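Here the structure is laid out as structure tokens; the discussion comes afterwards.
In UniProt numbering, the protein residues as written are 1 to 177.
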């Protein structure tokens, strides 16, 4: 497994939210398209803004915490038909570990809120990774906006069908090797 970090959050050319995850200490990563509500929740989590009343993710965090649970990690473990699957790893007060099926977007929001690590299985990374070295800076990283023109341009011009073709050609190349 490889640890990843949130590299950026933006909209693609069709205004669909995309999260770019980057493997620690590399220029390799991959994009996961998420829903608009999840993107809004992620942006709010990154901003660190608190609300007078708990939002849905806050309710979940508060419930787990009140029950003595601890968030251990999230793992993006599979990709099928361009849909990513993740699991949330929790530990209760007795030390019992629980693995809960979850959407990657939910795991990302919770990881930003609670500061636990996110991992990707090697096989998912091999299938989905792209070179991110052409990206100049992070779009949003822990609430700080930086010079994001390179990243915004990259995401705005990102063609989902081309990305899928890229993944398929990499898969074909690895099968012939």
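Note that the Cβ used here is the ideal one computed from N, Cα and C, for glycine as well.
Note that the coordinates shown come from a computational prediction; the quantities given were computed from them, not determined experimentally.
Compute the Euclidean distance between the alpha carbons of residue 40 and residue 21, then round it to the nearest angstrom.
In this model, residue 40 and residue 21 are separated by some 17 angstroms (Cα to Cα).
Hey, quick one: how far does the alpha helix (DSSP H) through residue 38 stretch, first residue to last?
36-47
So, at 8 angstroms on beta carbons, what are the nonlocal neighbours of residue 109 in its own chain, with the 5 sequence-adjacent residues on each side left out?
38, 41, 42, 45 and 57
What number of angstroms, rounded off, separates the C-alpha of residue 35 from the C-alpha of residue 10?
12 angstroms
Would you call the CB atoms of residue 122 and residue 1 closer than 8 angstroms?
yes
For residue 54, name the three-state secondary structure that DSSP assigns.
coil
Could you name the residues that DSSP lists as bridge partners for residue 17?
11
Identify the residues that DSSP records as bridge partners of residue 28: which are they?
131
Going by Cα to Cα distance, which pick from 105, 71 and 33 is closest to residue 15?
33
Going by beta-carbon coordinates alone, are residue 97 and residue 29 separated by less than 8 angstroms?
no
When every heavy atom of the ligand ATP is checked, does at least one fall within less than 7 angstroms of the C-beta of residue 88?
For the ligand ATP, the structure offers nothing, since it holds no ligand at all.
In three-state DSSP terms, what is residue 78?
strand
Alpha carbon to alpha carbon, how far is residue 114 from residue 134?
30 angstroms
Between which residues of its own chain and residue 129 is the CB-CB distance below 6 angstroms, once the five residues before and five after are set aside?
28 and 30
Quick one: what's got a C-beta closer than 6 angstroms to residue 75's C-beta in the same chain, skipping five residues either side?
87 and 119
Under the rule that 16 or more other beta-carbon atoms within 10 Å means buried, what is residue 147, buried or exposed?
With a pLDDT of 37 at residue 147, under the threshold of 50, the modelled position of this residue cannot be trusted, and the question is left open.
Would you say residue 81 faces chain B, with C-beta separation under 8 angstroms as the test?
Absent from the structure is chain B; it holds one protein chain and no more.
Comparing alpha-carbon positions, which option in 125, 13 and 67 lies nearest residue 77?
Answer by Cα proximity: 125.
Once DSSP output is grouped into helix, strand and coil, what is the label at residue 60?
In this structure, residue 60 counts as helix in the three-state DSSP scheme.
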